[in-house]
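For reference, the structure is listed below as structure tokens.
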Ligand SMILES: C[S@@+](CC[C@H](N)C(=O)[O-])C[C@H]1O[C@@H](n2cnc3c(N)ncnc32)[C@H](O)[C@@H]1O
């Protein structure tokens, strides 16, 4: 499964499949994003320029912007970006698959947040996307990644599957990119770029 096929599948599926809470209610969906934004705000510094990569329709980006961060939404899917603009017309957005994120932004971000995106890609695609995200973050900035590890790693076969990583492989790939794990009780992997 290549990155193009995963992106196409998300574009066709649209925002209704973004998070399981949407199956409960719209209220539950937006409340889940609000909760995640507050958790992120414990890690991010006030006023930071933050990219939500794989922003979807803004479940997390919109409440994060309301908390005072300078948020840009990035996504490869035109369907998602149209939905994002409908939900928050003032939220800056860029269309990218990650490879040209830095060029699209025109600046280095203080942090890139990437939730429920890498999990759906095969390992080779994840590493390519990571290279793009690393380029877009300033030295000393953070990458906050949904990048799950497992004692029994599996690789996604279809767009909605989840890829898990051997912890040692993950650490080695992070180190190659100058990413150092920030210890703490976070729901995601937090790395500082050196
Ligand atoms: C499960 S949704 C998650 C949305 C959002 N991060 C959230 O947690 O609400 C996955 C999103 O990632 C986007 N996406 C997947 N692969 C991507 C890639 N390589 N580059 C940019 N966007 C991608 C999809 O279009 C979709 O909007």
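Residue numbers (this note's numbering): 54 to 247. Note that beta-carbon positions come from the ideal geometry of N, C-alpha and C, so glycine has one too.
In whole angstroms, give me the CA-to-CA distance for residue i and residue j.
i: residue 190; j: residue 221; result: 24 Å
i: residue 200; j: residue 132; result: 24 Å
i: residue 125; j: residue 203; result: 31 Å
i: residue 100; j: residue 145; result: 15 Å
i: residue 218; j: residue 209; result: 11 Å
i: residue 235; j: residue 242; result: 8 Å
i: residue 196; j: residue 187; result: 8 Å
i: residue 223; j: residue 148; result: 27 Å
i: residue 156; j: residue 76; result: 36 Å
i: residue 94; j: residue 117; result: 8 Å
i: residue 143; j: residue 206; result: 40 Å
i: residue 244; j: residue 165; result: 10 Å
Measuring only from the beta carbon, is residue i closer than 6 Å to any heavy atom that is part of ligand 1?
i: residue 63; result: yes
i: residue 112; result: yes
i: residue 151; result: yes
i: residue 169; result: yes
i: residue 128; result: yes
i: residue 67; result: no
i: residue 56; result: yes
i: residue 182; result: yes
i: residue 109; result: yes
With DSSP as the reference, please indicate the residues paired to residue i in a beta bridge.
i: residue 148; result: 128
i: residue 123; result: 102
i: residue 198; result: 167, 242
i: residue 218; result: 202
i: residue 233; result: 245
i: residue 162; result: 190
Indicate whether residue i and residue j have their beta-carbon atoms separated by less than 7 Å.
i: residue 122; j: residue 103; result: yes
i: residue 67; j: residue 170; result: no
i: residue 198; j: residue 167; result: yes
i: residue 140; j: residue 110; result: yes
i: residue 185; j: residue 158; result: no
i: residue 74; j: residue 85; result: yes
i: residue 54; j: residue 231; result: no
i: residue 233; j: residue 194; result: no
i: residue 114; j: residue 128; result: no
i: residue 64; j: residue 130; result: yes
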